Amino acid sequence: MASVSPAGRRATDVLGIVAIILAAFILLPALMIFLIGLAPEMNAIWWLGIVLLPIMGFLGLVALIVGIVGIVLRVRAHRTPVLSIIGTALGVVLVLPLVWLFLSSAA
Numbered sequence: 009m010a011s012v013s014p015a016g017r018r019a020t021d022v023l024g025i026v027a028i029i030l031a032a033f034i035l036l037p038a039l040m041i042f043l044i045g046l047a048p049e050m051n052a053i054w055w056l057g058i059v060l061l062p063i064m065g066f067l068g069l070v071a072l073i074v075g076i077v078g079i080v081l082r083v084r085a086h087r088t089p090v091l092s093i094i095g096t097a098l099g100v101v102l103v104l105p106l107v108w109l110f111l112s113s114a115a
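Numbering (this note's numbering), first residue to last: 9 to 115.
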């Protein structure tokens with residue numbers, strides 16, 4: 009029997025997949041709350057955005073760190089870090105509202 013050589017296998021970007029899953033875990037509920045809140049009868053749902061904001065910032069930061077580590081490891085292994093870049097971008101998208109909230113001027 010012939011065995012498959014390690015060089016013939018394709019290495020998956022595990023850290024990129026983890027970063028995408030972490031980002032999607034909070035991005036989908038936040039997007040749902042935003043879209044439901046646009047309906048005139050559902051204005052009371054915006055308080056859930058206040059509850060989700062710290063969770064969104066924390067998971068976004070974790071996804072950002074995992075994505076950056078994935079990019080560094082994939083580049084050092086001379087492979088393309090596509091999924092890690094996507095996970096990092098989603099992490100940045102999740103952290104930006106919290107950063108914007110802290111850096112905006114109070115009226």
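In this text, a Cβ means the ideal position worked out from N, Cα and C, and glycines have one as well.
Everything numeric in this text was worked out from a predicted model, so none of it was measured.
(message) For V107, tell me which candidate among L30, G68, A27 and I29 has the shortest Cα-Cα distance.
(response) Start at 1 with the first residue of the sequence shown, and residue 107 comes out as number 99. The shortest C-alpha separation from V107 is found at G68.
(message) Under DSSP, the alpha helix (DSSP H) around P105 begins and ends at which residues?
(response) What you label residue 105 is simply residue 97 of the sequence shown in a count that begins at 1. Segment V90 to L111, the alpha helix (DSSP H) holding P105.
(message) Can you list, in chain order, the residues of its chain with a C-beta nearer than 6 Å to that of G24? Leave out the 5 residues immediately preceding and following it.
(response) Your numbering for residue 24 matches position 16 in the sequence shown. Cβ within range, chain order: G78, L91, S92 and G95.
(request) Pair every Cβ in the segment 25-41 with every Cβ in the segment 54-67, then say whether three or more of these pairs are closer than 8 Å. (result) yes
(request) Just mark P62 as buried or exposed, buried being the case when its beta carbon has 16 or more other beta carbons within 10 Å. (result) In the sequence shown, counting from the first residue as 1, residue 62 sits at position 54. By the 10 Å Cβ count, P62 comes out exposed.
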